[in-house]
Amino acid sequence: MKVHIPADAAAEFQRRHDAVIRAIRDAGRAQIVLTSTEAIFYLTGATVEPLERPFFLVVDATTGARVLLVPDLERTHVAKAWGTGAQEIRSYREFPAPDGDGWLDALEPLLAAGFAYEPSCPAYIADALQARGGSRADLLRSVRLAKSDYEVRQIAVAADYARRGVVKLLAGTYPGSTVIEGYTTSNTITRAIVGEQDRFDPLATKVTVAAWPAPISAEPHSVPPLDMTLDAGPHVVMALTRVNGYAAECERTFFTHAPTSTEADLFAAMLSARALAYSMIRPGVRGCEIDEAVHQHLRERGISDHQRLHRTGHGFGLSAHEPPWLALGSDDVLAANLLISIEPGIYLEGVGGYRHSDTVLVTETGYRSLTPTPDDLRSLTRSKSTAIQRAKGRLIRRVAGVRN
184 MKVHIPADAA AEFQRRHDAV IRAIRDAGRA QIVLTSTEAI FYLTGATVEP
234 LERPFFLVVD ATTGARVLLV PDLERTHVAK AWGTGAQEIR SYREFPAPDG
284 DGWLDALEPL LAAGFAYEPS CPAYIADALQ ARGGSRADLL RSVRLAKSDY
334 EVRQIAVAAD YARRGVVKLL AGTYPGSTVI EGYTTSNTIT RAIVGEQDRF
384 DPLATKVTVA AWPAPISAEP HSVPPLDMTL DAGPHVVMAL TRVNGYAAEC
434 ERTFFTHAPT STEADLFAAM LSARALAYSM IRPGVRGCEI DEAVHQHLRE
484 RGISDHQRLH RTGHGFGLSA HEPPWLALGS DDVLAANLLI SIEPGIYLEG
534 VGGYRHSDTV LVTETGYRSL TPTPDDLRSL TRSKSTAIQR AKGRLIRRVA
584 GVRN
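Going by this note's numbering, the sequence shown opens with residue 184, and the numbers climb by one from there.
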């Protein structure tokens with residue numbers, strides 16, 4: 184399936200290819216074997232689902248050539264990949280396959296002495312590659328870390344949909360509303376992406392917009408029950424988007440009842456930690472320095488380390504969690520055009536969590552938020568409801584089969 188690749192995307196894939204070739208040569212290697220869906224997408228723009236049938240992209244630094252090795256049934260499908268005029272697509276019969284027809288039989292003749300394979304390579308494939316002279320090397324990390332203007336534009340698109348998701352969910356929230364009512368925002372934003380973008384790749388697009396009610400908001404990686412109601416305490420709305428391969432997020436702590444003085448104080452502590460982190464964003468600053476400053480700031484306000492749970496931030500790109508890490512123990516240094524989250528959090532078990540998160544572009548002089556959304560306590564207190572909101576909520580619950 185051959186597809187048209189816009190000129191700006193083609194230029195971006197060429198830039199990435201050239202950068203990977205340089206990285207292979209700088210490491211003194213001959214070639215790299217890539218197996219992850221992200222790495223293959225990064226260099227070809229092709230979305231694939233390996234399941235039990237592995238895919239391989241072999242990039243040779245000596246010749247500059249690429250070979251995409253895929254199962255027979257995917258051969259026509261991956262013709263959508265960038266560079267198929269120059270790279271060769273080869274295939275193997277099936278998995279499992281008789282001797283001589285499997286993926287290793289097809290891959291082995293492509294391997295050059297001194298080849299590398301990526302660290303995320305599945306163990307069973309890594310064992311076979313190591314037995315044939317390969318060794319593990321993370322050659323794409325520095326290449327993917329440095330974002331181009333093209334990548335910034337793509338992530339900005341995903342960030343705007345995340346921002347819109349937060350605004351949309353909050354607009355429909357009221358005291359006693361349920362998780363399922365907010366979760367329908369995911370479909371609303373997905374429909375907007377389909378209708379507004381020139382293309383839509385369902386394998387590279389995912390939208391999750393939902394509210395984590397108190398007290399489960401203290402468990403940010405939990406899954407809230409759909410019939411759970413938003414009553415007293417701090418809730419967190421999360422909007423996580425990946426649009427045609429590029430990821431972003433926006434999150435806000437909010438209330439559906441007037442916050443108590445203790446809740447207001449904790450909200451203010453979270454905001455002050457966030458402001459401190461923002462004040463440190465600029466090229467040359469180490470991610471660990473920001474995280475340490477936030478740790479110390481919250482300690483001075485009586486917030487213990489075990490109530491923080493996680494780092495101050497992480498990077499965005501093809502993944503929603505990738506370098507640079509704003510965390511103790513990280514050696515990453517901020518540079519212009521890097522995309523990061525700023526999300527210091529406070530979590531009280533059995534009570535709830537306090538966390539805003541934004542997708543932030545590091546600039547030459549500081550930063551620019553790609554998810555500008557109200558973050559003050561007054562704007563984020565939704566203690567009133569309308570007849571329309573309640574009627575819509577009843578309809579959504581009825582259609583979804585949620586009793587409340």
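All C-beta atoms, glycine included, are put in the ideal place defined by N, C-alpha and C.
No experiment lies behind these values; they were computed from the predicted model shown.
Hey, out of the options, whose CA is closest to residue i's CA?
| i | options | result |
| --- | --- | --- |
| THR542 | ILE464, ALA280, LEU563 | ILE464 |
| THR424 | PHE499, ALA570, LEU252 | PHE499 |
| ARG236 | GLU271, TYR225, PRO305, GLU301 | PRO305 |
| ALA570 | GLY467, ARG382, SER274, PRO358 | PRO358 |
| VAL390 | LEU256, SER400, PRO281, THR367 | THR367 |
| PRO622 | HIS478, ALA393, SER318, GLU334 | Within the shown structure, residues of the chain are numbered from 184 to 587, placing residue 622 beyond reach of any answer. |
| SER219 | ASP381, ARG212, ALA229, GLY549 | ALA229 |
| ILE529 | ASP448, LYS263, ILE338 | ASP448 |
| LEU560 | GLU434, ALA460, ALA441 | ALA441 |
| VAL241 | GLY266, LEU234, SER513 | GLY266 |
| LEU521 | GLY535, ALA194, LEU501 | LEU501 |
| ALA192 | ALA415, LYS263, GLU277 | LYS263 |
| ALA341 | LEU251, PRO279, ALA503 | ALA503 |
| ARG580 | LEU409, THR259, ARG276 | LEU409 |
| GLU532 | ARG198, SER331, PRO396 | PRO396 |
| ILE525 | LEU323, MET453, LEU287, GLU446 | MET453 |
| GLY378 | TYR344, SER318, VAL349 | TYR344 |
| ALA296 | PHE278, GLY317, ASP321 | GLY317 |
| VAL231 | LEU251, LYS330, ARG324, THR443 | LEU251 |
| GLU271 | PRO281, LEU293, ALA280 | LEU293 |
| GLU446 | PRO279, VAL534, THR412 | VAL534 |
| THR443 | LEU290, ALA415, ALA460 | ALA415 |
| LYS351 | ASP321, VAL392, ILE376 | VAL392 |
| TYR307 | LEU287, ASP321, PRO507, LEU322 | LEU287 |
| ASP381 | ARG586, HIS187, VAL582, GLY584 | HIS187 |
| CYS433 | GLY496, ALA456, LEU459, SER405 | GLY496 |
| ARG346 | THR371, ASP282, ALA451 | THR371 |
| ALA422 | ALA394, THR412, SER405 | ALA394 |
| LEU481 | PRO507, THR227, PHE450 | PHE450 |
For the beta strand (DSSP E) that residue i lies in, which residues bound it at each end?
| i | result |
| --- | --- |
| GLY512 | Neither: GLY512 is in no beta strand (DSSP E) and is coded neither H nor E. |
| SER455 | Element bounds for SER455: not the beta strand (DSSP E) but the alpha helix (DSSP H), 444–462. |
| ASP541 | 541–545 |
| VAL250 | 249–254 |
| VAL241 | 239–243 |
| ILE525 | 522–525 |
| ILE529 | 528–531 |
| GLY549 | That residue, GLY549, is in no beta strand (DSSP E); it is neither H nor E in DSSP. |
| GLN490 | Counting along the chain, GLN490 falls outside any beta strand (DSSP E), and DSSP gives it neither H nor E. |
Among all the DSSP beta bridges, which residues are the ones paired with residue i?
| i | result |
| --- | --- |
| ARG435 | VAL420 |
| ALA430 | ARG425 |
| VAL390 | THR424 |
| ILE215 | VAL242, ALA299 |
| GLY496 | LEU509 |
| THR361 | THR412 |
I'd like the span of the alpha helix (DSSP H) that includes residue i, first residue to last.
| i | result |
| --- | --- |
| SER562 | No alpha helix (DSSP H) contains SER562, which DSSP labels as neither H nor E. |
| ILE473 | 470–482 |
| PHE196 | 190–209 |
| ILE372 | 368–379 |
| VAL406 | Note, VAL406: premise wrong, no alpha helix (DSSP H); not H, not E. |
| ARG538 | That residue, ARG538, is in no alpha helix (DSSP H); its beta strand (DSSP E) goes 535–538. |
| VAL582 | 570–583 |
| GLU221 | 220–227 |
Is the CB of residue i under 8 Å away from at least one CB in chain C?
| i | result |
| --- | --- |
| LEU521 | Going by chain labels, chain C is absent from the structure shown, which holds only one protein chain. |
Does the ligand HEM have a heavy atom nearer than 7 Å to the CB of residue i?
| i | result |
| --- | --- |
| ARG276 | As presented, the structure is devoid of all ligands, the ligand HEM included, so that no description of it is given. |
task: Could you tell me whether the segment 353–363 touches the segment 572–579, using the rule of 3 or more Cβ pairs below 8 Å?
output: yes
task: Mind listing, in chain order, the continuous beta strand (DSSP E) runs of no fewer than 3 residues lying wholly within the segment 262–342?
output: 271–275
query: Counting pairs of Cβ atoms below 8 Å between the segment 424–432 and the segment 557–566, do you hit three or more?
result: no
task: Take every Cβ of the segment 483–490, pair it with every Cβ of the segment 541–559, and state whether three or more of those distances are shorter than 8 Å.
output: no
query: For the 8 Å Cβ check, are there 3 or more pairs between the segment 308–323 and the segment 292–300?
result: yes
- request: Spell out a yes or no on whether the segment 458–476 and the segment 379–388 are touching, meaning 3 or more CB-CB pairs, one atom from each, closer than 8 Å.
  value: no
- prompt: Would you call the segment 331–338 and the segment 532–540 in contact, with 3 or more CB pairs under 8 Å?
  reply: no
field: Three-pair Cβ contact test at 8 Å for the segment 192–207 versus the segment 242–259
entry: yes
- prompt: Counting pairs of beta carbons, one from the segment 397–416 and one from the segment 505–525, are three or more of them closer than 8 Å?
  reply: no
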